[in-house]
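Quick notes on the structure that follows.
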Amino acid sequence: MIDKALSGFSCPKNPDAGRCLKRSAAEFQEAAKSSERMFIVTERRERINMALKKKPVTGMKDMLPEEMEIRDYCVGLIKETYKSFGFCSMETPCVEHIENLCSRQGGDNEKLIFKILKRGEKLKLDQAKEEADLVDGGLRYDLTVPLSRYYSANANELPSPFKALQIGNVWRADRPQRGRFRQFMQCDIDILGESSILAEIELILATTTLLGKLDFHDFTIRINDRRFLKAMAAYSGFDEADYEKIFITLDKMDKIGIDGIRAELEENGYAEESVETYLRMFQEITNDVEGVRRCGEKLEGYLPEGAAASLETIMSSVERAKEADFKISFDPTLVRGMSYYTGTIFEISMDEFGGSVGGGGRYDEMIGRFTGQATPAVGFSIGFERIVMLLLERQYQIPIGGKKKAYLLEKNLSQEKLLDVLEQSKAERGTGMQVMVMNMKKNKKFQKEQLIRQGYQEIVEIYD
């Protein structure tokens with residue numbers, strides 16, 4: 001358009017004027033095109049920036065330095081405490097075979113798996129008829145299933161019994177809530193290859209000793225045995241095929257109470273006489289060693305021989321040998337959701353959390369699914385995320401170890417002075433001190449406040 005407008009233009013006094021104007025027009029057009037391109041690029045960048053999200057994915061969380069300091073301290077104390085009981089660290093991959101995760105051993109967790117699609121040529125979307133054609137792996141939802149696979153593959157190279165310590169992230173597509181995330185760290189100790197109750201006693205003592213070192217007191221270890229659950233159901237006249245359904249209802253005792261349990265069992269069609277017999281036992285049983293003994297006597301003929309005596313011994317031994325301040329309580333309503341438990345089960349209850357912050361039990365049949373041979377196994381897991389959350393809410397102060405010192409350097413400090421500070425810092429770090437060297441900011445007061453919050457006891461300003 002501009003070229004056409006200028007095509008007939010001429011100036012008698014300046015013959016080159018037309019050419020100059022045409023050149024200016026061409027430059028103008030090029031500049032316009034360049035501006036248009038810049039506008040498009042800028043618009044695209046703005047769209048990209050609008051699409052990017054600052055917050056983590058739902059159920060996940062970012063961790064600030066203050067929390068990481070607590071977490072690192074906890075991990076260090078966990079390893080130190082558990083290793084003092086003879087446990088040794090081991091690790092498994094975060095991705096597990098989908099067949100292992102879906103082996104009907106994980107209870108409701110099997111409904112919460114983050115599944116992983118096959119890759120490359122193995123992924124044939126157009127030919128897929130069922131989920132197995134698309135998926136071959138998943139993120140582990142606990143540390144117990146991978147441990148069983150690990151032990152079955154490496155048993156010949158491991159000590160017997162094997163006292164395993166695991167600390168690692170697990171993933172569950174659960175609904176996030178207070179103290180519960182979709183990615184969270186678990187901390188497990190397990191004893192494999194030990195059939196005696198010494199394993200249960202050691203696990204409970206090690207875990208409670210750790211909690212005591214983290215300044216937790218007056219918590220409760222609730223303990224039961226799956227064999228008691230089955231014996232009580234049999235004594236009441238329920239069919240064995242219905243046991244698991246009954247236990248699912250019983251597991252709601254804390255939420256709906258004994259009247260709610262009665263209503264749900266009757267609604268599910270169970271005989272009123274059986275329901276009343278069943279619930280009467282829970283009302284009669286006390287939570288101490290004497291309660292275990294009386295329950296064992298009542299269930300004679302239904303309960304395997306030695307089951308009551310074993311539970312009594314565990315409770316009395318822990319009570320006498322414990323280091324931390326807690327109580328151990330027989331709770332015949334304790335179920336634990338995992339179907340792989342075969343014997344003793346236990347759970348940590350804390351009033352300040354309002355629920356469980358850990359648990360475990362015996363799972364003698366899981367490893368046999370991999371090896372074909374029965375292998376005794378028992379484990380205890382603490383709710384690491386919940387423990388850290390409670391410590392943060394308490395504003396827990398990590399016991400002071402090495403001294404923390406900070407140097408604030410004046411702007412444009414001479415190299416000679418800088419080298420003096422670096423040499424001094426190196427010498428102090430050699431004594432175990434934690435030393436921070438940083439430039440002084442304009443708002444020096446706020447900078448110092450931040451350092452004090454981070455635990456720096458000494459702050460030195462350096463000037464030429």
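Start counting the sequence shown at 1; every next residue gets the next number (our numbering). The C-beta atom is built at its ideal place from N, Cα and C for all residues, glycine as well.
Report task. Please name the residue or residues paired with residue 345 in a DSSP beta bridge. Result -> 224 and 361
Query raised in the report: Going by Cα to Cα distance, which pick from 148, 114 and 154 is closest to residue 136?
Result: 114
Query - Start-to-end residues for the alpha helix (DSSP H) that takes in residue 153 - result: 144-154
Query raised in the report: Given that a residue counts as buried once 16 or more other Cβ atoms are within 10 Å of its Cβ, and exposed if not, what is residue 163?
Result: buried
Requested in this report: Identify, in the order they occur along the chain, each residue of the same chain with its Cβ nearer than 7 Å to the Cβ of residue 262, setting aside the five sequence neighbours on each side.
Outcome: 275 and 279
Requested in this report: Could you check how far apart the C-beta atoms of residue 201 and residue 82 are, in whole angstroms? I think they sit under 8 Å.
Outcome: Wrong, their Cβ atoms sit about 15 Å apart, outside the cutoff.
**Report entry** Alpha-carbon to alpha-carbon, residue 89 and residue 251
**Finding:** 33 Å
Query raised in the report: In whole angstroms, what is the alpha-carbon distance linking residue 179 and residue 385?
Result: 6 Å
Query raised in the report: What separation, rounded to the nearest whole angstrom, lies between the Cα atoms of residue 369 and residue 307?
Result: 24 Å
Query raised in the report: From the DSSP output, which residues share a beta bridge with residue 217?
Result: Answer is none; residue 217 lacks a bridge partner.
**Report entry** 6 Å Cβ shell around residue 338 - same chain, five flanking residues per side excluded
**Finding:** 107
Query - Nearest neighbour of residue 452, chosen from 269, 414, 405 and 415 [CA to CA] - result: 405
Query raised in the report: Considering only residues of the same chain and omitting the five flanking positions on each side of residue 331, which have a CB-CB separation below 6 Å?
Result: 222 and 224
Query raised in the report: Cα-Cα, which of 354, 378, 153 and 353 is closest to residue 365?
Result: 378
Query raised in the report: Are residue 345 and residue 355 touching if we call contact CB-CB under 7 Å?
Result: no
Report task. Using 10 angstroms around the beta-carbon of residue 56, count the other beta-carbons present and answer buried if the total reaches 16, otherwise exposed. Result -> exposed
Query raised in the report: Looking at the structure shown, is residue 256 part of a helix, part of a strand, or coil, going by DSSP?
Result: helix
Query raised in the report: Looking only at DSSP bridge pairs, what is residue 458 linked to?
Result: 405
Requested in this report: Within the same chain, show all residues whose beta-carbon is closer than 8 Å to that of residue 70, passing over the 5 residues directly before and after it, in chain order.
Outcome: 388, 391, 392, 396 and 398
Query raised in the report: What separation, rounded to the nearest whole angstrom, lies between the Cα atoms of residue 177 and residue 216?
Result: 23 Å
Report task. Given a cut-off of 7 Å, decide if residue 407 and residue 367 are closer than it, judged by their beta-carbon atoms. Result -> no
Query - Contact under 7 Å by Cβ, residue 226 with residue 141 - result: no
Query raised in the report: So residue 388 is in the alpha helix (DSSP H); what residue range does that whole segment cover?
Result: 384-393
Query raised in the report: Under a Cβ-count criterion, where at least 16 other Cβ atoms within 10 Å of its own Cβ denotes burial, should residue 109 be classed as buried or exposed?
Result: buried
Query - Same chain only: Cβ atoms within 8 Å of residue 210, ignoring 5 sequence neighbours per side - result: 77, 78, 81, 82 and 382
**Report entry** N- and C-terminal bounds of the alpha helix (DSSP H) containing residue 309
**Finding:** 307-321
Query - Cα-Cα separation, residue 183 to residue 258 - result: 34 Å
Query raised in the report: Per DSSP, residue 169 forms a beta bridge with which residues?
Result: 185
Report task. Consult DSSP for residue 447 and reduce its assignment to one of helix, strand or coil. Result -> helix
Query raised in the report: Buried or exposed: which applies to residue 96, given that a residue is buried once 16 or more other Cβ atoms fall within 10 Å of its Cβ?
Result: buried
Query raised in the report: Who are the Cβ neighbours of residue 268 in its own chain at under 8 Å, not counting the five residues just before and after it?
Result: 245 and 249
**Report entry** Beta-carbon spacing of residue 233, residue 299 below 7 Å
**Finding:** no
**Report entry** Chain-order list of residues whose beta-carbon lies under 7 Å from that of residue 322 (same chain, five-residue window excluded)
**Finding:** 205 and 208
Query raised in the report: At which residues does the alpha helix (DSSP H) containing residue 291 begin and terminate?
Result: 289-298
Query raised in the report: Touching or not, the segment 303-320 and the segment 191-200, by the rule of three or more beta carbon pairs under 8 Å?
Result: yes
Query raised in the report: Where does the unbroken beta strand (DSSP E) through residue 439 begin, and where does it stop?
Result: 434-439
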